[in-house]
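As they're listed, the protein sequences go chains H, C and P. Residue numbering for the first sequence follows our numbering, starting at 1 and increasing by one per position. Residue numbering for the second sequence follows our numbering, starting at 185 and increasing by one per position. Residue numbering for the third sequence follows our numbering, starting at 964 and increasing by one per position. All C-beta atoms in this analysis are idealised placements derived from N, C-alpha and C, irrespective of residue type, glycine included. Nothing here was measured: the structure is a model prediction, and the numbers come from that model. Quick notes on the structure that follows.
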Amino acid sequence: MKNKRYAIVLDTKKCLNCKACTVACKFENFVPVGDDTYRIWVTELPLQGKFPHLHQEYQTSQCQHCENAPCEKVCPTKATFTTPEGVVLVDYKKCILCKACMTACPYDARFVSEHHESVEKCTFCMHRVSEGREPACVETCPVRVREFGDLNDPNSKVSRLLSSRPYLQLKPEKNTRPRLFYVL
Amino acid sequence: MKKKLMSRRKFLGLSSSAIAGALFGPNLNMLTAAPTDPFDYSILPKGTREYIASNCAMCVNKCGIIGEVVNGKLHKINPNPRHVKSRGMLCAKGNAGVSLPYSPDRLKTPLLRTGKRGEGKWKEISWDEAFKYVAKNLADLKQKYENRSSVAFASTEGFQEEFYYYLVNSFGSLNTVRHTTLCLSTNIQGWSSVFGSFPDADLANAEYVLMLGSDRAQALITPDSVDFQRYKPKGQKLIVLDPRFTETGAKADRWYPIKPRTDQGFVLAMINVIISENLYDHKFVETYTHGFEELKELVAEYTPEWAEKKCEIAADEIRKTAREFADHAPRSVIYPGRRSSFYSHEVYVRQTFAILAAICGCWDTKGAVVPKSSIKLASHDVMFPFFNLTRDRVDREAVNLVKDVVPSAVQCPMIGTGLPDDSCAFLSEKDGSWITFREAVLQDDPYPVRGFFCFKQNPVQSVPNVKKTMKMLEKMEFICVIEQQMSDTAWYADIVLPHSTYLESWDPAHSIGGIWPIVEMRQPVIKPLFDTKTMFEISGGIIHEMLKIPSLWDDIDPVDLVDFKKNVVEDILDKPIQDYIKHQLVNHPGAYKQLLKEGFYTVDGGRPTYGKTLKPGFRFKSKTGKIELFNERYKEFGLFPLPKYCEPEILPDPGQYRFLVGRTAWNTHTSTQNNPYLWEIQKENAVWLNTGEAKKKGIVDGEYVRIKSKIGEQRIKAYVTEKIRPDCVFYVNGWGRKSPGMSRAYKSGASEAEIIDDVLDTISGGVCMHETFVTIKKA
Amino acid sequence: MEMSFESLKETIFAQSRTLRPGMQDKHETSAWDKNRLDVESALALKNIFFYLSLIFRYPTEQIYSEIAGHLEAFTDFFTDYGGAVPELPPIDDLQPEYISLFVNNQGFVPAAPYASCYQGDGLLMSDNFYRLRQIIMESGFMLDASVHELEDHLAVLLEFCSSLLNTLVEKNNSSDKNLMACIYALLEISYRYIEPLVDDFTDKINSYASYDFYKVTGKALKSLFHDADPIYVQLLGFRSNSTNELQG
Ligand code: SF4
Ligand code: SF4
Ligand code: SF4
Ligand code: SF4
């Protein structure tokens, strides 16, 4: 049997900038309250154009679950590892808080969590996924900016989206091969 | 060895007076022996995880939730993916609801004021004492003023409000004020003047959507906020008119920065184009409407060129929009929205919207504006006693009261349109009108109101012109507030009764009308943390104490009293609330079980039904039974029956900006800013100021400014942006609260109640939040 | 093998913050000889804990008169730890003072008397809460049905510590294991629940109080728990690595 390859496909054009996803993730994953502690974020991209011809988009992001993950490479204790499904995780017990991964990550996806006493980041909500539930951010979004699923299943929503629409990935020049895909 | 201690620890020594001197009295222990020994582990919530369905109450939408309770503690609120109305979403506030029961700031026990009002001196009392105290005060006021309406009851919508009215009706006051006139009364009135009811928009199926002044991306309304992006049909066009480039504007195919207060002009010109170019739905107009010829005559002068001068939108754009709208009809929506407490002529604005929908036949069909359907619940046939000592509402009896709050009545060009300047034409029985009500109380006209109950409303923050609200509260001899948190209003109360949170209480079944009608109910997701009660229990408690005071029942027929005791008290309030709910659902077998399991219930799988009002023989709720483009009742009332364009009565002085107010997706009016998970998203509000204007004034982004109206002044950060027109400024509501204690919201940002002038819409009694002009200065 | 006080504390903190396995499995290795208990000190501390528990409760007439009636006996304690003998305002002033500091102020509560509020996101019933409920129950206690409070209310915690000391003093025939469980509970409550609260709690009192009463009693509470190591070492007769010098 073939392994699953998990990914998130985002259609950020729909994003309302409502922050439901960021709050949901905080509760789901015991992410402490604070400006520097978050697994997922929504950014207002710069306003384009001149009044009254304006244009603005909102971009949400989280750990890219890189197939070629710089954070994993620099971790001295192998606390950061990749699951067979391609999900990059941190073994909180092994983390010695050296923060090498935080420097290495090109997406600024990691932070120090008091709760786990470890560096941490998005886990694709694997604890939910293993129970057949969707990641919290995917589920709560009013407009369903994200779909989560298995790239190896050609009928999954993610596969179908990627085969039917062009997409971008963030910072391709870093050669990280992210598992987050932004459809256009 | 033990004796060689540092001197500080001398209390540990043999000679310590702490040993001998401390023979404490009996019955002081908070802890007692546990029931079983050896200990029974099964009573500990060990490693349990439960999922309990209910509904969100962080705003009015009541989205479906599934509480995830781990070891007895609410860990997470998940959206209910099957919920027909919320479509499986849960917003930031809904998610942050987890912290509501666990907020240390919440009210925990009944509190009785011991110092001066607002001084903050309280003592704890038991619920029994509280019920007695309230009942006694009600009796005293009734005795003193010989008028039960001398006590007013304010409330905000919510499932438990039903039981608040048990209290109101058991006392017999007719003075009730709800939040409606602070929110959508003009909208309801305007649309109803045409269609006889206030409809919803079928955004999931519309091809063309015109939104004026609604920010559905931020002021979330389900299912609309979901549908307009998640389910938008391929090729759906969205046109947004708003003086601000909102998050919704950012989603639009076209955004028109319309001049504030001229929306009506834009739509009138559209109607003009559609009629003059013969683009309207002839058959629909003929079959269903009344007054087309009069309308045609009225709009003849409202050409796009005329409107361009009013709205500052090019005539060609108006023409284009009109043609597109007609082209996509009937799958075109002019979006009714919700909050419409904007301008003094707002009812006519909404009437104009409705007329556009009507002439294009965009009514009660897929993708159009559709009347709400609802699922009927069985009601309890409760008869409250008829009290002799009850006078009519103050805001109805009052005449000429409102001249202070209606813009310059004398030279008012509105008089030409027939707007009354003495009272409200169509006051809702239950809702009342906040502004008129407050004026009447302040002037003791027609009679004194000296008692004030407040259930989960916070008028100190939410009603414009806070100084008047404070004066009104000062007049009261008795104030009782039922709340979850020590709100600004609760702070001025004589007695504060703590209400359980929505996650801890049983709430009755509630039918929510809409294109997708549902029934909802709440069950406790967790056990109450403190000694709080629900309105069901509070009303029961107070009414029982009232029954012990004979003077409260001396103006009714004794037979009524016997019936009341049996039918209301014994059969309803003394029974478990579940019995009440089961009775509500008697006609829907299986509904109670379904509600326990899913938190909502639908008939027919919740599928929409279109076209009920288009069937032969259907009578619209209007004088003629038709869709009235020309409103016959308005004519009878001396109001202008057609949506004649209303010029602004209040004009800015040079250098003034029109003040606009709105919402974000992460705060609900004034109640959520103190939640740590929402506060971290936004820590204060900021005033939007157009880049060019800021430059003229030398104001830079992020610096503090003073914003001043005729009512008051606030200090606030400036957000300098291209996203707003130069003639207006904006900030989101609910900040800068009075409470030093809303530790997070206090002194962070500005309050709107401190600067918004209390202007009244005299047709529906609504407030006008956008009729205030301000100046901005560097702080 | 005898455990030092420090390693005992470490064992406690090594445990998870959520629920823990039944007491039975846990204390096999540790042993404690009841003869080492400094009984007088234990009695004194027991009374001080109880008195502080009374102070941090809502001053009903009954509680108020207990506080007033016994203040005298704790003069030494307050002088040493609070820097003064607290002056008790009239009950009509103390009640509003209590409410405005610890129950409800305008929209918020300045010094929430709950251990949970000083951990994590500052809300009630944080991670440690159910563990606390378990410890209390396993020690043979539960909240009286008439008490509408959470178990981590400071007054409950202090009363619980007082009761545990009482058990240590009185249960002559109990096995070592039970008494050791008592010591674990006492130390865990002191260090995991009360100590992390005291600094912030007293700071808040100081900035919001209108009278000195809670300022002084708060300061005494704070100093007492800052001083907990040597007190427990002395009282329980443990070997200590770092507090030796204090014992001379
Ligand atoms: S985004 Fe950063 S943290 Fe995530 S896998 Fe890539 S490098 Fe690692
Ligand atoms: S997948 Fe889970 S952990 Fe990752 S951002 Fe979404 S909610 Fe957070
Ligand atoms: S929940 Fe969805 S719409 Fe809201 S901010 Fe997140 S991605 Fe955007
Ligand atoms: S929109 Fe948000 S706050 Fe309102 S009911 Fe839904 S989830 Fe709750």
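Report task. Pull every residue with its beta-carbon under 7 Å away from any heavy atom of ligand 2, and keep them in chain order. Result -> H:C21, H:A24, H:C25, H:E28, H:N29, H:R39, H:I40, H:Q62, H:C63, H:C122, H:T123, H:F124, H:C125, H:P135, H:A136, H:C137 and H:V138
**Report entry** Nearest to D1090 (chain P) (by Cα), restricted to the options H:K26, H:F30 and H:Y6
**Finding:** H:F30
Requested in this report: Tell me whether F1104 (chain P) is buried or exposed, calling it buried when 16 or more other Cβ atoms sit within 10 Å of its Cβ.
Outcome: buried
Query raised in the report: Does the distance from the C-beta atom of G725 (chain C) to that of W306 (chain C) stay below 8 Å?
Result: no
Query raised in the report: Taking 7 Å as the cut-off, is the CB of K223 (chain H) close to at least one heavy atom of ligand 3?
Result: The structure shown does not extend to residue 223 (chain H), since chain H spans only 1 to 184, so no value can be given for it.
Query raised in the report: Listing by chain order, which chain P residues have their CB less than 7 Å from the CB of V33 (chain H)?
Result: D1084
Query raised in the report: DSSP on W700 (chain C), reduced to helix/strand/coil?
Result: coil
Report task. Could you check what DSSP says for G1032 (chain P) in three-state terms: helix, strand or coil? Result -> helix
Query raised in the report: To the nearest angstrom, how far is it from the Cα of F1092 (chain P) to the Cα of L1150 (chain P)?
Result: 16 Å
Requested in this report: In angstroms with no decimal places, state the Cα-to-Cα distance between P630 (chain C) and A336 (chain C).
Outcome: 14 Å
Report task. Could you tell me whether the segment 78-95 of chain H touches the segment 931-942 of chain C, where touching means 3 or more Cβ pairs closer than 8 Å? Result -> no
**Report entry** Three or more C-beta pairs below 8 Å linking the segment 120-138 of chain H and the segment 146-155 of chain H
**Finding:** yes
Requested in this report: For the segment 535-544 of chain C and the segment 706-722 of chain C, state whether three or more C-beta atom pairs, one from each stretch, are separated by less than 8 Å.
Outcome: no
Requested in this report: Give every residue of the same chain whose Cβ lies closer than 8 Å to the Cβ of Y1154 (chain P), excluding the five residues on either side of it in the sequence, and list them in chain order.
Outcome: K972, I975, F976 and A1191
Query raised in the report: Which word fits A1108 (chain P), buried or exposed, when buried means at least 16 other C-beta atoms lie within 10 angstroms of its C-beta?
Result: exposed
Requested in this report: Count the CB pairs spanning the segment 250-265 of chain C and the segment 344-356 of chain C that are closer than 8 Å, and state whether there are at least three.
Outcome: no
Query raised in the report: If you draw a straight line from the alpha carbon of V158 (chain H) to that of Y92 (chain H), how long is it in whole angstroms?
Result: 29 Å
Requested in this report: Report whether the distance from the Cβ of R999 (chain P) to the nearest heavy atom of ligand 1 is below 7 Å.
Outcome: no
Query - Within-8 Å CB hit, Q413 (chain C) to chain H - result: yes
Query raised in the report: What first and last residue would you give for the alpha helix (DSSP H) that runs through D1115 (chain P)?
Result: No alpha helix (DSSP H) contains D1115 (chain P), which DSSP labels as neither H nor E.
Query raised in the report: K732 (chain C) CB to nearest chain P CB: under 8 Å?
Result: no
Query raised in the report: So Y1021 (chain P) and L1187 (chain P) are in contact, right, with Cβ under 8 Å, and what is the actual spacing, rounded?
Result: Wrong, their Cβ atoms sit about 22 Å apart, outside the cutoff.
Query raised in the report: Comparing the CB of R110 (chain H) with every heavy atom of ligand 1, is any distance shorter than 7 Å?
Result: yes
Query raised in the report: Just how far apart, CA to CA, sit S646 (chain C) and K781 (chain C)?
Result: 36 Å
Query raised in the report: How would you label H466 (chain C), buried or exposed, when you count the other beta carbons within 10 angstroms and need 16 or more for buried?
Result: exposed
Requested in this report: Closer than 9 Å, Cβ to Cβ, to anything on chain H: give me those residues from the segment 259-282 of chain C, in chain order.
Outcome: H259, K260, I261, N262, P263, P265, S270, R271, G272, M273, L274, C275, A276, K277, G278, N279, A280 and V282
Query raised in the report: In whole angstroms, what is the alpha-carbon distance linking I834 (chain C) and T365 (chain C)?
Result: 20 Å
Query raised in the report: Does the Cβ of P222 (chain C) have 16 or more other Cβ atoms within 10 Å, making it buried, or fewer, making it exposed?
Result: The pLDDT assigned to P222 (chain C) is 49, lower than 50, so where the model puts this residue is not dependable, and the model offers no usable value.
Query raised in the report: When a residue counts only if its C-beta is closer than 5 Å to some heavy atom of ligand 4, which residues count, in chain order?
Result: C:C240, C:M242, C:C243, C:N245, C:C247, C:L274, C:C275, C:K277, C:G278 and C:L404
Query raised in the report: Hey, is D312 (chain C)'s beta-carbon within less than 8 Å of any beta-carbon in chain P?
Result: no
Query raised in the report: Using Cβ-Cβ distances below 8 Å, what residues of the segment 385-405 of chain C are close to chain H?
Result: A401, Q402 and L404
Requested in this report: Return yes when the C-beta of G142 (chain H) is under 7 Å from any heavy atom of ligand 3, and no when it is not.
Outcome: Note on identity: in this sequence residue 142 (chain H) is Pro, with Gly being the wrong assignment. It does: the Cβ of P142 (chain H) is within 7 Å (strictly closer) of some heavy atom of ligand 3.
Query raised in the report: In chain P, which residues lie with their C-beta within 8 Å of the C-beta of T370 (chain C)?
Result: Within chain P, no residue comes near T370 (chain C); the closest Cβ sits about 31 Å away, beyond 8 Å.
Query - The alpha helix (DSSP H) enclosing H1189 (chain P), as first and last residue numbers - result: F1176 to H1189
Query raised in the report: Hey, is F843 (chain C)'s beta-carbon within less than 8 Å of any beta-carbon in chain P?
Result: no
Requested in this report: Would you mind telling me which residues of chain C sit closer than 8 Å to P1059 (chain P), beta carbon to beta carbon, in chain order?
Outcome: T298, G299, G304, K305, W306 and K307
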